[in-house]
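Visitor: As you go down the protein sequences, you meet chains A and B in turn.
Per this note's numbering, the very first residue in the first sequence carries number 1; after that it's consecutive.
Per this note's numbering, the very first residue in the second sequence carries number 1; after that it's consecutive.
First the structure, which I've put down as structure tokens, then a few questions once you've had a look.
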Amino acid sequence: MIVLLSGEGPTDLGRCNNSQGQCSGVDFDVGPMTLLLDRLIESSRFGYSLLDFPEAYRYVSETALAQRVADRKRQKRNTFLVGKKHGEETGYFYINAWMLGEIAQEHEAEANDMAVAVLFRDGDGTRSAKSGIWRDKWNSMKQGFLRAQFERGVPMLPKPKSEAWLLCAAKPNPYQNCADLENALSGNDDSPNSAKKQLGDILPDTSAEGLKTWVETALDIDRIDMPSFNQFKQSLEKAIESL
Amino acid sequence: MIKKITIKNFKSLAEIIIPLDKFNCLIGMNGAGKTTILQALDFIAHILTGEVKIWLENRGWTAHDLNCKLRKESNITLFVEYQTDNGSSLAWIAHFNRTSLRCASETVFLNAEPILQNTGQKYRILSKPSNDISFIYEGSILSQLKPSELPDPILEFLGAIRRIRSLELLSPHLMRKRARTNDVDIGAGGEKLSAYLYGIKGQDKNRLIGLLKGFYPNLVDYKISSMKAGWKKLSAIEIFDNQKLETEAAHLSDGLLRILAILAQAESDRSLILLDEIENGINPEIIEKLVETLLASQQQILVTTHSPMILNYLEDETARESVQYIYKTPAGETRARHFFEIPRVGEKLRWMGPGEAFVDTDLRALTEECIALDLAESSGNASA
Chain A
1 MIVLLSGEGP TDLGRCNNSQ GQCSGVDFDV GPMTLLLDRL IESSRFGYSL LDFPEAYRYV
61 SETALAQRVA DRKRQKRNTF LVGKKHGEET GYFYINAWML GEIAQEHEAE ANDMAVAVLF
121 RDGDGTRSAK SGIWRDKWNS MKQGFLRAQF ERGVPMLPKP KSEAWLLCAA KPNPYQNCAD
181 LENALSGNDD SPNSAKKQLG DILPDTSAEG LKTWVETALD IDRIDMPSFN QFKQSLEKAI
241 ESL
Chain B
1 MIKKITIKNF KSLAEIIIPL DKFNCLIGMN GAGKTTILQA LDFIAHILTG EVKIWLENRG
61 WTAHDLNCKL RKESNITLFV EYQTDNGSSL AWIAHFNRTS LRCASETVFL NAEPILQNTG
121 QKYRILSKPS NDISFIYEGS ILSQLKPSEL PDPILEFLGA IRRIRSLELL SPHLMRKRAR
181 TNDVDIGAGG EKLSAYLYGI KGQDKNRLIG LLKGFYPNLV DYKISSMKAG WKKLSAIEIF
241 DNQKLETEAA HLSDGLLRIL AILAQAESDR SLILLDEIEN GINPEIIEKL VETLLASQQQ
301 ILVTTHSPMI LNYLEDETAR ESVQYIYKTP AGETRARHFF EIPRVGEKLR WMGPGEAFVD
361 TDLRALTEEC IALDLAESSG NASA
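Okay, structure coming up:
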């Protein structure tokens, strides 16, 4: 199995260290969210970690997705419209998923293997602060994968952002009432109740390395119970089942 | 080329600046004021031809309808910045009085130096002595002065503004109507199209048919037949399966008539052509061709559109420069902003075509953001 990943940076899924838009193996600096994903894969019916297979995780940067967009834009009628299937202000999510879905298919054909694609975006990051609700973004990602005719696309869309999932395990009374965090925290890092700030108040080291160590040693993946996390988990399980 | 228009106190245009490029496209929600901007430009053209009364009559308006109900003043202020063919900068500033239907005062600057002044009682050209205004006129005094009296840059400016043509009311219903021989020009609704086409002959007609064939390959010619009492009838000639078919205007499609009217204008000596809701009646197959034609036109073009397809056929750079977002403040004032210079909208071009970015944007939320930007900018200017 190949897992195509695309995220926002080192503190979520990771990044390429080879100055290329795509990487795997030693060129890929695994991020804390990839470790979290790997734990879910290990505990799924798939049954083992993919970290021991250097070519299993393949990272595609946002820049590489944007480059692919340039080709798509040349075909002026190959457009998307808002409508019943995805709402206004979610085109960014739709198109990212569409491009990643196409890349995933190319990897499948080349490796003669099946792929799952995981697209990480903060549900309410500063990038998309204006309007647009979480459900619309989720649906847009799903529809974007389908536009590429790729069935095993998994949105990883923490609400408001990845730190909220980690805070669920790190907060006092860990794993209790975590659903509340989704609305109580802000995705804006400058806000007083920013998810990032609150996690920083609890964990001594919130660098990518610090978070990875903490995910590996202290996080119980089976106990996180938050709507945005559960949606991701179910979508991932469904993708793995269809392999 | 007309570089910039500033309008104060015209309908919903309490105070607005519209920079103009060669190709310009206005977008925005219904009722934001896009068409009002086209009307204001047409108004300026008629002030400078001295035909304000007839202009109002043709629209079924009175002078009372012209001012902005949000402002106290009665006069309409108009400011046009124009670049002459040799690169000089000409500015015409006028205060139009709605009671007398003429400009209460006017100044023309060339490279920031006044070259004509009209105080309402007297006028003065360059450094010549002032003259009393002992004649009655409508609109601008420029419409009444002898060309031999006016400096060349003013004549060029006057010619350009008078050759603005508004087709903002383009309606297939009016285009189908027959016209009289003595009707030589097309109206804002496309009326008198047949008489106008009748005046296009020889090479010019061949060129027009060539352009039209690009849109409708079966179309080989159009014909204007003279009827009794000087009426002119338009028909199109198409070839299907080697068989010629002549169709009278009454039975031609809306799209074909609109394209014909637009192409005829795009090939004319107009300076600026105004087209409202350019996409109306046009099928998606020919939208690309239409956008190409407008972009390649010799004239300045100002269109309004609600069509993401029209916008998607613009290159990103063209879209950044040409697309202006028209919005209304809660008080009812129309404002404009370059759409893709609004940061989060410009960012969308990384992922989407201009038309996709347009439909992906919640315009209600965007209007609120634009108003917040206006406030921030005006308080920034005030503190500076």
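Glycine residues also receive a C-beta, built at the ideal position from the N, C-alpha and C atoms.
Can you grab the Cα-Cα spacing for the pair D204/B / G91/A, in whole Å?
Guide: On the second sequence, residue 204/B is found 204 positions in, with the first residue counted as 1. On the first sequence, residue 91/A is found 91 positions in, with the first residue counted as 1. Roughly 45 angstroms between the two C-alpha positions.
Visitor: Among L38/B, I2/B and K348/B, whose alpha-carbon lies nearest the alpha-carbon of T334/B?
Guide: To locate residue 334/B, count along the second sequence from 1; it is residue 334. Checking every option, the nearest Cα to that of T334/B belongs to L38/B.
Visitor: Mapping DSSP to helix, strand and coil, what is G144/A?
Guide: Residue mapping note: residue 144/A aligns to position 144 of the first sequence, counting from 1. G144/A falls in the helix class under three-state DSSP.
Visitor: How would you write the range of the beta strand (DSSP E) that M33/A sits in, first residue to last?
Guide: Position 33 of the first sequence, counted from the start, is the residue given in the question as residue 33/A. Run containing M33/A: none in the beta strand (DSSP E); it sits in the alpha helix (DSSP H), P32 to S43.
Visitor: Could one say the Cβ of G332/B lies closer than 9 angstroms to chain A's Cβ atoms, at least one of them?
Guide: Position 332 of the second sequence, counting from 1, holds the residue named residue 332/B. Not an interface residue.
Visitor: By how many angstroms is the C-alpha of S194/A removed from the C-alpha of G28/B?
Guide: By 1-based counting over the second sequence, the position of residue 28/B is 28. By 1-based counting over the first sequence, the position of residue 194/A is 194. So the alpha carbons of these two residues sit roughly 35 angstroms apart.
Visitor: Please report whether the beta-carbon of E88/A lies at a distance below 9 angstroms from any beta-carbon of chain B.
Guide: Within the first sequence, numbered from 1, the residue matching residue 88/A stands at position 88. With 9 angstroms as the cut-off, E88/A counts as an interface residue toward chain B.
Visitor: Per DSSP, what kind of secondary structure is D222/A in: helix, strand or coil?
Guide: Locating residue 222/A in the first sequence gives position 222, counting from the first residue. Note: D222/A maps to helix in three-state DSSP.
Visitor: Mark Y48/A as exposed unless 16 or more other C-beta atoms lie within 10 angstroms of its C-beta, in which case mark it buried.
Guide: On the first sequence, residue 48/A is found 48 positions in, with the first residue counted as 1. Y48/A is exposed by the Cβ-count criterion.
Visitor: Roughly how many whole angstroms lie between the Cα atoms of I371/B and V69/A?
Guide: Position 371 of the second sequence, counted from the first residue, corresponds to residue 371/B. Position 69 of the first sequence, counted from the first residue, corresponds to residue 69/A. A direct Cα-to-Cα measurement between I371/B and V69/A gives close to 31 angstroms.
Visitor: In the DSSP output, which residue or residues are listed as bridge partners for C168/A?
Guide: Start at 1 with the first residue of the first sequence, and residue 168/A comes out as number 168. DSSP lists no partner for C168/A.
Visitor: May I ask you to list the residues that DSSP assigns as paired with V3/A?
Guide: Looking up residue 3/A in the first sequence gives position 3. Per DSSP, Y57/A and V116/A.
Visitor: Around the Cβ of T49/B, are there at least 16 other Cβ atoms within 10 angstroms (buried) or fewer (exposed)?
Guide: For the purposes of this step, residue 49/B is taken as residue 49 along the second sequence, with counting starting at 1. Buried, because 16 or more other Cβ atoms sit within 10 Å of the Cβ of T49/B.
Visitor: Taking C-alpha atoms, which residue in A266/B, L314/B and E191/B lies nearest to I209/B?
Guide: One-based indexing of the second sequence puts residue 209/B at position 209. Nearest of A266/B, L314/B and E191/B to I209/B, Cα basis: A266/B.
Visitor: I need the DSSP call for A129/A, collapsed to helix, strand or coil.
Guide: Taking the first sequence and counting its residues from 1, one reaches residue 129/A at position 129. Low confidence applies here, because A129/A scores a pLDDT of 44, under 50, leaving its location unreliable; read the following figure in that light. If DSSP states are grouped into helix, strand and coil, A129/A belongs with coil.
Visitor: With DSSP run on the structure shown, which of helix, strand or coil describes K201/B?
Guide: Translated into the one-based positions of the second sequence, residue 201/B becomes position 201. In this structure, K201/B counts as coil in the three-state DSSP scheme.
Visitor: Applying a beta-carbon distance threshold of less than 7 angstroms, which residues of chain A neighbour N280/B?
Guide: The residue labelled residue 280/B in the question sits at position 280 within the second sequence. The contacting residues do not exist; N280/B stays about 19 angstroms from chain A at best.
Visitor: Identify which residue in C168/A, V26/A, V118/A and D124/A has its Cα closest to the Cα of I41/A.
Guide: Translated into positions along the first sequence, residue 41/A becomes position 41. Ranking C168/A, V26/A, V118/A and D124/A by Cα distance to I41/A puts V118/A first.
Visitor: Quick one: using the 10 Å Cβ neighbour count with 16 as the cut-off for buried, is Q231/A buried or exposed?
Guide: For the purposes of this step, residue 231/A is taken as the residue at position 231 of the first sequence. Label assigned to Q231/A: buried.
Visitor: Taking the C-alpha atoms as reference points, what is the distance between L373/B and G31/B?
Guide: Here residue 373/B refers to the residue found at position 373 when the second sequence is read from its first residue. Here residue 31/B refers to the residue found at position 31 when the second sequence is read from its first residue. Taking the straight line from one Cα to the other gives about 21 angstroms.
Visitor: Name the two residues that bound the continuous alpha helix (DSSP H) containing S235/A.
Guide: Within the first sequence, residue 235/A is the residue found at index 235, counting from 1. Unbroken alpha helix (DSSP H) run through S235/A: P227 to E241.
Visitor: Run through chain B and tell me which residues come within less than 7 angstroms of I95/A, C-beta to C-beta.
Guide: Here the question's residue 95/A lines up with position 95 in the first sequence. Simply W351 and M352.
Visitor: Look at the alpha carbon of S44/A and the alpha carbon of L181/A, and state the distance between them as a whole number of angstroms.
Guide: Working through the first sequence from its first residue, we reach residue 44/A at position 44. Working through the first sequence from its first residue, we reach residue 181/A at position 181. For S44/A and L181/A, the gap between their C-alpha atoms comes out near 26 angstroms.
Visitor: Note down, one range per segment and in chain order, each beta strand (DSSP E) of at least 3 residues found wholly within the segment 45-89 of chain B.
Guide: 76-83
Visitor: Under 7 angstroms Cβ-Cβ, which residues of chain B neighbour F80/A?
Guide: Along the first sequence, one-based indexing puts residue 80/A at 80. Correct list: E356.
Visitor: Tell me, please, whether the CB atom of V303/B is closer than 9 angstroms to any CB atom in chain A?
Guide: In the second sequence, counting from the first residue as 1, residue 303/B sits at position 303. Cβ-Cβ to chain A under 9 angstroms: no for V303/B.
Visitor: Helix, strand or coil: how does DSSP classify N17/A here?
Guide: Here residue 17/A corresponds to residue number 17 of the first sequence, with the count starting at 1. The answer is coil: DSSP assigns N17/A none of H, G, I, E or B.
Visitor: Any C-beta of chain B sitting closer than 9 angstroms to the C-beta of V60/A?
Guide: If you number the first sequence from 1, residue 60/A lands on position 60. So no, V60/A is outside the interface.
Visitor: How close, in whole Å, do the beta carbons of I287/B and I310/B come, if the pair is a contact with beta carbons under 8 angstroms?
Guide: The residue given as residue 287/B occupies position 287 in the second sequence. The residue given as residue 310/B occupies position 310 in the second sequence. The C-beta separation of I287/B from I310/B comes to about 6 angstroms, placing the pair in contact by the 8 angstroms criterion.
Visitor: State yes or no: is the beta carbon of A376/B nearer than 9 angstroms to at least one beta carbon in chain A?
Guide: Walking along the second sequence from the start, residue 376/B turns up at place 376. A376/B has a beta carbon lying at 9 angstroms or more from every beta carbon in chain A.
Visitor: What is the residue span of the beta strand (DSSP E) that R243/B lies within?
Guide: Counting from one through the second sequence, the residue named residue 243/B turns up at place 243. A small correction: the amino acid at residue 243/B is Gln; Arg does not occupy that position in the sequence shown. Q243/B -> beta strand (DSSP E) spans Q243 to E248.
Visitor: Quick one: Cα of P160/A to Cα of V30/A, how far?
Guide: Here residue 160/A refers to the residue found at position 160 of the first sequence. Here residue 30/A refers to the residue found at position 30 of the first sequence. The alpha-carbon atoms of P160/A and V30/A are separated by roughly 22 angstroms.
Visitor: Which residues in the same chain have their Cβ closer than 8 angstroms to the Cβ of N97/B, if we skip the five residues on either side of it in sequence?
Guide: Working through the second sequence from its first residue, we reach residue 97/B at position 97. Within the same chain, N97/B has close Cβ partners S74, N75, C103 and A104.
Visitor: What residue range is occupied by the uninterrupted alpha helix (DSSP H) comprising Y92/A?
Guide: The count along the first sequence starts at 1 and reaches residue 92/A at position 92. Taken as a continuous stretch (DSSP letters only), the alpha helix (DSSP H) holding Y92/A covers G91 to A111.
Visitor: Closer than 9 angstroms between beta carbons: that is the criterion. Which residues of the segment 289-314 of chain B meet it against chain A?
Guide: Hits within the stretch, in order: P308, M309, N312 and Y313.
Visitor: When the cut-off is 9 angstroms and only beta carbons count, does A160/B lie next to chain A?
Guide: By 1-based counting over the second sequence, the position of residue 160/B is 160. No, because no Cβ of chain A sits closer than 9 angstroms to the Cβ of A160/B.
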